[in-house]
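Number of protein chains: 2
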Amino acid sequence: MNVGILGGGQLAQMMAQAGAKLDMSFMFLCPDPQACAAPFGQHLCAPFEDEEAKRQLAEWADVATYEFENIPAEHVASLEQQIDLHPSSQALAVARDRLKEKRCFRALGIPTAEFMPVDTLDDLKEAIAVVGLPAILKTRTMGYDGKGQAVLRRPEDLPDAWTQVGEVPCIVESMVEFTRELSIIATRSRTGELAFYPLSENHHREGILRLSLSRQGHPQQSTAQSLIQRLLNELDYVGVLALELFQVGDEFYANEMAPRVHNTGHWTIEGACTSQFENHLRAISGMPLGATDAPVQAAMVNLIGLLQDETTIREFPGATPHFYGKTERPGRKVGHINLVDNGDGLEAFNERLAGLLQLAGENALAELLEPAK
Amino acid sequence: MNVGILGGGQLAQMMAQAGAKLDMSFMFLCPDPQACAAPFGQHLCAPFEDEEAKRQLAEWADVATYEFENIPAEHVASLEQQIDLHPSSQALAVARDRLKEKRCFRALGIPTAEFMPVDTLDDLKEAIAVVGLPAILKTRTMGYDGKGQAVLRRPEDLPDAWTQVGEVPCIVESMVEFTRELSIIATRSRTGELAFYPLSENHHREGILRLSLSRQGHPQQSTAQSLIQRLLNELDYVGVLALELFQVGDEFYANEMAPRVHNTGHWTIEGACTSQFENHLRAISGMPLGATDAPVQAAMVNLIGLLQDETTIREFPGATPHFYGKTERPGRKVGHINLVDNGDGLEAFNERLAGLLQLAGENALAELLEPAK
Chain A
1 MNVGILGGGQ
11 LAQMMAQAGA
21 KLDMSFMFLC
31 PDPQACAAPF
41 GQHLCAPFED
51 EEAKRQLAEW
61 ADVATYEFEN
71 IPAEHVASLE
81 QQIDLHPSSQ
91 ALAVARDRLK
101 EKRCFRALGI
111 PTAEFMPVDT
121 LDDLKEAIAV
131 VGLPAILKTR
141 TMGYDGKGQA
151 VLRRPEDLPD
161 AWTQVGEVPC
171 IVESMVEFTR
181 ELSIIATRSR
191 TGELAFYPLS
201 ENHHREGILR
211 LSLSRQGHPQ
221 QSTAQSLIQR
231 LLNELDYVGV
241 LALELFQVGD
251 EFYANEMAPR
261 VHNTGHWTIE
271 GACTSQFENH
281 LRAISGMPLG
291 ATDAPVQAAM
301 VNLIGLLQDE
311 TTIREFPGAT
321 PHFYGKTERP
331 GRKVGHINLV
341 DNGDGLEAFN
351 ERLAGLLQLA
361 GENALAELLE
371 PAK
Chain B
1 MNVGILGGGQ
11 LAQMMAQAGA
21 KLDMSFMFLC
31 PDPQACAAPF
41 GQHLCAPFED
51 EEAKRQLAEW
61 ADVATYEFEN
71 IPAEHVASLE
81 QQIDLHPSSQ
91 ALAVARDRLK
101 EKRCFRALGI
111 PTAEFMPVDT
121 LDDLKEAIAV
131 VGLPAILKTR
141 TMGYDGKGQA
151 VLRRPEDLPD
161 AWTQVGEVPC
171 IVESMVEFTR
181 ELSIIATRSR
191 TGELAFYPLS
201 ENHHREGILR
211 LSLSRQGHPQ
221 QSTAQSLIQR
231 LLNELDYVGV
241 LALELFQVGD
251 EFYANEMAPR
261 VHNTGHWTIE
271 GACTSQFENH
281 LRAISGMPLG
291 ATDAPVQAAM
301 VNLIGLLQDE
311 TTIREFPGAT
321 PHFYGKTERP
331 GRKVGHINLV
341 DNGDGLEAFN
351 ERLAGLLQLA
361 GENALAELLE
371 PAK
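Line order of the protein sequences matches chains A and B. In terms of full-length UniProt numbering, the first sequence is residues 1 to 373. In terms of full-length UniProt numbering, the second sequence is residues 1 to 373.
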């Protein structure tokens, strides 16, 4: 089966790696000449709005998907008219716009922070009167890794924040004092079959994900599943969907969703029976979904900016390196390391995880990390 | 990491598919110009005794392995002098010779059928006096899929059988009246780490494997593990080893071992957290082993001689097709289909398995199959 992907970064690369055993071939439409997925398939080096390139992709591929949501939905829709494409441009249109997304959450009874749309500085002032301070101003589209966001603590922060986000359509949200950041990743197939991964617990620094831990047996697993299930069914969704959640006591507030494979699910490559990448391919290509069981504790440490010595990591007990073949650059995701409990027990796992975090330059996280529960 | 493989058939192909996500590249030394693994790496089309080709493989690769045991150990040994190679030529020398293999079993206290070496027709007559009838005459080397074997039921069968096997060095074994054929597949890493898969139950027809079923929770799992563990440690083995067992009541008799990934372990691709192919690569390349847990019932149906319609199988609930890209030929393994319990329960699984077996032309097996326990 031939799979066309809009995008050619590490998510596309890991899909192609997962697709090898399913006898799938890949073509990437990606404007970056250095697209790191390119060695794993054919690379159409063109912008996403290039209709001729999309025609070529549609002609070659049996099914198409995308690896990130910062593509205007109309560029995806024009491809969708030519080929089976999942998740649909309609799902994308909701997921890529923070206002539509939050309204969708609300309509489905999924709890969120207070939020208000903001199109002008005056809107912002009025909105703050409703949502209170502290709050976060976020661009409706194109945000990732903390970009396009500004924190509002005092009324005098508003004008600078409005300038900082570029005076584009935004939403402002009350800041949730959360106990923990979690995410749930699920897959829905063409026939409506559903599969849920165990919750991930996520740790960010400077707006960038640094660490995810699998949280098998979390007491609110079924609550999280029920929330994402509403979205999957409402959007008639096909593929992998990620939903970021703030845990406050025993409750969840939905932060955002991503209509694609997600960084907080990278641990599933070694930590679950079927990775999120394989299940995304299974879903979009009409195959039965694979088991999402995760029998042992797993974690993922992102490599940001700098790669580490491959041999050291290869020999690190329980660790599997995933290097994306990208050049090192500050703040760039150049790889990740997955760690699984290799039977030594949780204490030894946490010690090894602390060692890996130090290796990745995350000393503060290594020290602060609570023992996995 | 660059991996060199002696052989370029479906086992090499499935290793390469599993190695994609571990960032491994592959080179296959294989005399067959149609080697089905070739699209997944570089193909050195040369005989195994070609020293120049082996030099080239050793220069390119970081580690080497082989996909079948019918290579004279000395051809493997000459490569082993140039590169890390696993399993060792010493392990291969034992595993490829039925006499050395059975003597090794006996030395380690692993039960086997009665056996005697046979170098002449007179030897055979004398041996039968010891092992009794019925018995099986097998060539010491080069046998597979029932080739190089003759069944002895009456004393007058001996001369024809001796002619049939080619009058080469053999062993003769008393025939075991077994309840069930099983196999255990295990991996040992460079550091001595061990991982065992659940037992497989295997069904043959015309000497060729047709069906394997995972047997999680088999009451003799730990017995089987202890038998193969003795072999792994005795041979200082690195990689995947398969041990075929006859179950007689509550006891096991070892039939033979294969120093490689094994057809009876193909269900692990979708049925276990880490496939035998991935674990073989992890073991030989010095990586930690992956989890061998198999959370749900799985089965594998071989496609012998004829491929089936890919779309039908892709849409078959719980099934994943693996086609090797080989041309159809009677008796040839051209692919296999893995089936997993997709949550419908065991009865539905068995119904679907019967359907797949009919699809694969195994009607008798579909009818006779006992419900999975």
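All C-beta atoms, glycine included, are put in the ideal place defined by N, C-alpha and C. If you're wondering where the values come from, they're calculated on a predicted model, not measured in any experiment.
For residue 271(A) and residue 295(A), the rounded distance between their alpha carbons: 8 Å
Is the CB-CB distance between residue 27(B) and residue 44(B) below 8 Å? yes
If you check the beta carbons only, do residue 101(B) and residue 210(B) fall under 8 Å apart? no
Unbroken stretches of the beta strand (DSSP E), 3 residues or longer, contained in the stretch 242–285 of chain B: 251–258
What is the DSSP secondary structure of residue 105(A), counted as helix, strand or coil? helix
Shorter than 8 Å from the beta carbon of residue 323(B) to some beta carbon of chain A? yes
Touching by the beta-carbon criterion (3+ pairs, under 8 Å), the stretch 110–117 of chain B and the stretch 81–89 of chain B: At 8 Å Cβ cutoff, the stretches do not touch.
Using C-beta distances below 6 Å, list every residue in its chain close to residue 47(A), excluding the 5 sequence neighbours before and after it, in chain order. 31
Nearest-angstrom Cα separation, counted from residue 232(B) out to residue 283(B): Straight-line Cα distance between these residues: approximately 12 Å.
In this structure, how does DSSP classify residue 302(B) when only helix, strand and coil are distinguished? strand
Which ranges does the beta strand (DSSP E) cover as unbroken runs of at least 3 residues, wholly within the stretch 8–51 of chain B, from first to last along the chain? 25–29, 42–44
Tell me, which residues are paired with residue 361(B) by DSSP? According to DSSP, which records beta bridges pairwise, residue 361(B) is partnered with nothing at all.
Can you check whether the C-beta of residue 17(A) is within less than 8 Å of a C-beta belonging to chain B? Cβ-Cβ to chain B under 8 Å: yes for residue 17(A).
C-alpha distance - residue 53(B) paired with residue 162(B), whole-angstrom precision: Each residue's alpha carbon lies about 37 Å from the other.
Listing by chain order, which chain A residues have their CB less than 7 Å from the CB of residue 188(B)? In chain order: nothing, as chain A lies at least about 14 Å away.
Taking the beta strand (DSSP E) that residue 214(A) belongs to, which residues open and close that run? 208–215
Using the rule of at least 16 other Cβ atoms within 10 Å of the residue's Cβ for burial, across every protein chain shown, is residue 329(A) buried or exposed? exposed
Own chain, CB closer than 7 Å to residue 148(B), minus 5 neighbours either side, in chain order: 138, 139, 142, 165
Which residues DSSP lists as bridging residue 195(B), in chain order: 187(B)
Residue of 321(A), 340(A), 345(A), 65(A) minimising C-alpha distance to residue 360(A): 321(A)
Between residue 295(A) and chain B, is any beta-carbon pair separated by less than 8 Å? yes
Look up residue 181(B) in the DSSP assignment and say whether it is helix, strand or coil. strand
Using DSSP's beta-bridge definition, name the partner residues of residue 59(B). BP columns for residue 59(B) are empty, so no partner.
Considering only the alpha carbon of each residue, which of 171(A), 77(A), 356(A) lies closest to residue 299(A)? 356(A)
Going along the chain, which unbroken runs of the alpha helix (DSSP H) with 4 or more residues stay wholly within the stretch 133–166 of chain A? 158–164
Whose CA, out of 160(A), 37(A), 76(A), 36(A), lies closest to the CA of residue 51(A)? 76(A)
Take residue 25(A) and list the residues in its own chain whose beta-carbon comes closer than 6 Å to its own, dropping the five residues that flank it on each side. 2
In whole angstroms, give me the CA-to-CA distance for residue 248(B) and residue 202(B). 14 Å
Straight-line Cα distance separating residue 136(B) from residue 170(B): 10 Å
As assigned by DSSP and simplified to three states, the class of residue 373(B): Low confidence applies to residue 373(B): its pLDDT is 44, below 50, so where it sits in the model is not reliable, and the reading given next is rough at best. In the three-state reduction of the DSSP assignment, residue 373(B) falls in the coil class.
Does residue 329(A) come within less than 8 Å of chain B when only Cβ atoms are used? Using a Cβ-Cβ cut-off of 8 Å, residue 329(A) does not count as an interface residue toward chain B, since no Cβ of chain B sits closer than that to its own.
Please tell me whether residue 372(B) has its Cβ less than 8 Å away from any Cβ of chain A. At residue 372(B) the pLDDT is 43, less than 50, meaning the model places this residue with poor confidence; the figure from the coordinates comes in the next sentence. No, residue 372(B) does not count as interfacial toward chain A.
Are the CB atoms of residue 286(A) and residue 314(B) nearer to each other than 8 Å? Yes, these two residues count as a Cβ contact at 8 Å.
Residue environment, residue 120(B), which counts as buried when at least 16 other CB atoms sit within 10 Å: Counting the other CB atoms within 10 Å of its CB gives residue 120(B) a total below 16, which places it among the exposed residues.
CB contact check: residue 244(A) to chain B, cutoff 8 Å: no
So, does the stretch 149–158 of chain B touch the stretch 180–197 of chain B, judging by three or more C-beta pairs under 8 Å? no
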